[in-house]
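Numbering (the numbering used here), first residue to last: 4 to 182.
We put the beta carbon where it would ideally sit given N, CA and C, even for glycine.
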């Protein structure tokens, strides 16, 4: 059940970094629904009004840790995205004994505010933490957060269990998923 929506405004204050969609309660949109596009997880619905809603970008959710899994061949490792800095997500909680490959997919686990298996990005850099007890992974998203408003004017809203595999959707679409 997909509903088309359009970004009607981007908050001009940088530190808010949220967007307004032209759909709200009238289309059964609810707070905390995840938003994705063909490139990965984009953000989350923040506030819902009768005829419109606002969403925050994933890059501004630094006060919310995100539970993730790293798919490495046929193995999965679990960790936590703790922040976003220099256009990269920082993933912690991986011990030095876990062998993670570069370019491994990083996906949501379904624990916390996001549904399971939403693509966040790929591991592009791995280093030891300052105590040499665990690894820090740097994750790059395919989503262009800086140009989102200009690239994605038309959105689609749908429900998680009804939508097929994400990568088959059109280039100019975003999708909103209930938790």
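Practice task
Put residue 105 into one of helix, strand or coil per three-state DSSP.
Solution key: coil
Practice task
Taking the CB atoms as reference points, tell me whether residue 142 and residue 92 lie closer together than 7 Å.
Solution key: yes
Practice task
Quick one: measure Cβ to Cβ for residue 110 and residue 123, integer angstroms, because I've assumed they're closer than 8 Å.
Solution key: 6 Å
Exercise for the section: On a CA-only basis, which of 78, 135 and 73 is nearest residue 119? Give me that one, please. Expected result: 73
Handout entry: Cβ-Cβ separation, residue 25 to residue 55 (assumed contact under 8 Å), whole Å
Key = 6 Å
Problem - DSSP beta-bridge partners of residue 56 - result: 24 and 51
Problem - residue 8 versus 28, 97 and 20, residue with shortest Cα-Cα distance - result: 28
Handout entry: Beta-carbon gap between residue 82 and residue 64 smaller than 7 Å
Key = no
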